[in-house]
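Data block below; observations after.
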Amino acid sequence: GIQVEQSPPDLILQEGANSTLRCNFSDSVNNLQWFHQNPWGQLINLFYIPSGTKQNGRLSATTVATERYSLLYISSSQTTDSGVYFCAVWSNFNKFYFGSGTKLNVKP
Amino acid sequence: GAVVSQHPSRVICKSGTSVKIECRSLDFQATTMFWYRQFPKQSLMLMATSNEGSKATYEQGVEKDKFLINHASLTLSTLTVTSAHPEDSSFYICSAYLAGGPYEQYFGPGTRLTVT
Chain A
1 GIQVEQSPPD LILQEGANST LRCNFSDSVN NLQWFHQNPW GQLINLFYIP
51 SGTKQNGRLS ATTVATERYS LLYISSSQTT DSGVYFCAVW SNFNKFYFGS
101 GTKLNVKP
Chain B
1 GAVVSQHPSR VICKSGTSVK IECRSLDFQA TTMFWYRQFP KQSLMLMATS
51 NEGSKATYEQ GVEKDKFLIN HASLTLSTLT VTSAHPEDSS FYICSAYLAG
101 GPYEQYFGPG TRLTVT
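These protein sequences, in sequence, are chains A and B.
If you use the numbering used here, the first sequence closes out at 108, no skipped numbers anywhere.
If you use the numbering used here, the second sequence closes out at 116, no skipped numbers anywhere.
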């Protein structure tokens with residue numbers, strides 16, 4: 001299967017700071033998504049981004065498929081951004097592979 | 001946007017009993033749904049792929065007789081945990097994508113199972 005690695009595993013920020021989360025994957029993929037898992041366990045779709053760059057408010061993401069990585073940018077972080085961020089990729093094997101996640105804690 | 005629901009959101013059952021969890025795509029058809037399991041502070045682990053009208057495909061190490069999956073319609077898949085034991089306690093999450101693609105996954109809110 002495909003290996004998906006996320007870094008850093010843990011991140012502590014002061015409110016208002018910016019951050020970059022990284023996702024590396026070991027093989028070609030057809031789809032890549034970023035999720036935020038809230039304290040109740042719900043996975044919130046952030047981006048569907050197999051390639052290119054997208055922005056949604058304070059969040060943006062870039063996937064460079066040829067170099068097998070994706071970045072999630074969070075600007076002007078807020079305490080509500082806290083939680084776990086997952087990267088997941090869809091392969092030719094018709095499976096969705098998840099990274100181990102980045103746990104973000106934004107302090108007021 | 002596409003919405004996936006799960007029911008129940010939380011269930012407590014006694015050891016030896018069976019529990020059924022439903023996963024529904026509310027506003028789209030899904031020929032394929034996925035079932036995941038998540039342990040505390042860990043990532044999601046794919047358990048099985050549920051295909052409408054055919055048998056589910058289980059991941060290595062997942063007991064198909066313990067975790068029965070039925071995908072009877074284009075909007076409903078069910079996971080039945082049979083003869084549940086405390087070690088089956090976990091957070092179970094389903095996902096689906098629109099029939100015909102793209103492969104953007106939409107996740108249900110999850111079901112927290114506690115076996116006493």
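Where a beta carbon is used, it is the ideal one built from N, C-alpha and C, also for glycine.
Proximal residues to residue i (C-beta, below 7 Å), its chain only, five neighbours per side dropped
{"i": "residue 90 of chain A", "result": "29, 30, 31 and 96"}
{"i": "residue 49 of chain B", "result": "32, 34, 56 and 57"}
{"i": "residue 82 of chain A", "result": "104, 105 and 106"}
{"i": "residue 5 of chain A", "result": "24 and 99"}
Residue-chain proximity (residue i, chain B), Cβ-Cβ < 9 Å
{"i": "residue 16 of chain A", "result": "no"}
{"i": "residue 41 of chain A", "result": "yes"}
{"i": "residue 55 of chain A", "result": "no"}
{"i": "residue 99 of chain A", "result": "yes"}
{"i": "residue 90 of chain A", "result": "yes"}
{"i": "residue 48 of chain A", "result": "yes"}
Candidates the options, of which the one nearest residue i by Cα
{"i": "residue 77 of chain A", "options": "A/19, A/101, A/55 and A/99", "result": "A/19"}
{"i": "residue 98 of chain B", "options": "B/63, B/114, B/107 and B/90", "result": "B/107"}
{"i": "residue 53 of chain A", "options": "A/94, A/3 and A/70", "result": "A/70"}
{"i": "residue 63 of chain B", "options": "B/43, B/54, B/88 and B/71", "result": "B/88"}
{"i": "residue 54 of chain B", "options": "B/29, B/71, B/47 and B/9", "result": "B/71"}
{"i": "residue 94 of chain B", "options": "B/84, B/111, B/83 and B/41", "result": "B/111"}
{"i": "residue 29 of chain B", "options": "B/60, B/105 and B/75", "result": "B/75"}
{"i": "residue 35 of chain A", "options": "A/67, A/3 and A/60", "result": "A/60"}
{"i": "residue 85 of chain B", "options": "B/17, B/10 and B/109", "result": "B/17"}
{"i": "residue 79 of chain A", "options": "A/67, A/7 and A/14", "result": "A/14"}
Backbone CA spacing between residue i and residue j [nearest angstrom]
{"i": "residue 73 of chain A", "j": "residue 40 of chain A", "result": "23 Å"}
{"i": "residue 132 of chain A", "j": "residue 92 of chain B", "result": "With chain A covering 1 to 108 only, the question about residue 132 of chain A has no answer from this structure."}
{"i": "residue 94 of chain A", "j": "residue 52 of chain B", "result": "15 Å"}
{"i": "residue 22 of chain A", "j": "residue 38 of chain B", "result": "22 Å"}
{"i": "residue 81 of chain B", "j": "residue 67 of chain B", "result": "5 Å"}
{"i": "residue 75 of chain A", "j": "residue 49 of chain A", "result": "18 Å"}
{"i": "residue 116 of chain B", "j": "residue 27 of chain A", "result": "42 Å"}
{"i": "residue 23 of chain B", "j": "residue 42 of chain B", "result": "22 Å"}
{"i": "residue 6 of chain B", "j": "residue 42 of chain A", "result": "11 Å"}
{"i": "residue 16 of chain A", "j": "residue 108 of chain A", "result": "9 Å"}
{"i": "residue 83 of chain B", "j": "residue 9 of chain B", "result": "20 Å"}
{"i": "residue 51 of chain A", "j": "residue 62 of chain A", "result": "7 Å"}
{"i": "residue 46 of chain A", "j": "residue 45 of chain B", "result": "20 Å"}
Within-9 Å CB hit, residue i to chain A
{"i": "residue 102 of chain B", "result": "yes"}
{"i": "residue 106 of chain B", "result": "yes"}
{"i": "residue 38 of chain B", "result": "yes"}
{"i": "residue 91 of chain B", "result": "yes"}
{"i": "residue 74 of chain B", "result": "no"}
{"i": "residue 1 of chain B", "result": "yes"}
{"i": "residue 67 of chain B", "result": "no"}
{"i": "residue 29 of chain B", "result": "no"}
{"i": "residue 50 of chain B", "result": "no"}
Cut-off 8 Å between Cβ atoms - residues of its own chain near residue i, not counting five sequence neighbours on either side
{"i": "residue 9 of chain A", "result": "100, 101, 102 and 103"}
{"i": "residue 1 of chain A", "result": "91, 93, 95 and 97"}
{"i": "residue 103 of chain B", "result": "97"}
{"i": "residue 84 of chain A", "result": "36, 37, 101, 102, 103 and 104"}
Other residues of its chain near residue i: CB distance less than 6 Å, five sequence neighbours each side excluded
{"i": "residue 163 of chain B", "result": "The displayed coordinates of chain B run from 1 to 116. Any statement about residue 163 of chain B would go beyond what the structure contains."}
{"i": "residue 12 of chain A", "result": "105"}
{"i": "residue 77 of chain B", "result": "23, 33, 50 and 71"}
{"i": "residue 109 of chain B", "result": "6"}
Local Cβ density within 10 Å of residue i, reported as buried at 16 or more and exposed below that
{"i": "residue 4 of chain B", "result": "buried"}
{"i": "residue 1 of chain B", "result": "exposed"}
{"i": "residue 58 of chain A", "result": "exposed"}
{"i": "residue 26 of chain B", "result": "exposed"}
{"i": "residue 64 of chain A", "result": "exposed"}
{"i": "residue 44 of chain A", "result": "exposed"}
{"i": "residue 105 of chain B", "result": "buried"}
Residue-chain proximity (residue i, chain E), Cβ-Cβ < 9 Å
{"i": "residue 110 of chain B", "result": "Any reference to chain E falls outside this structure, whose protein chains are A and B."}
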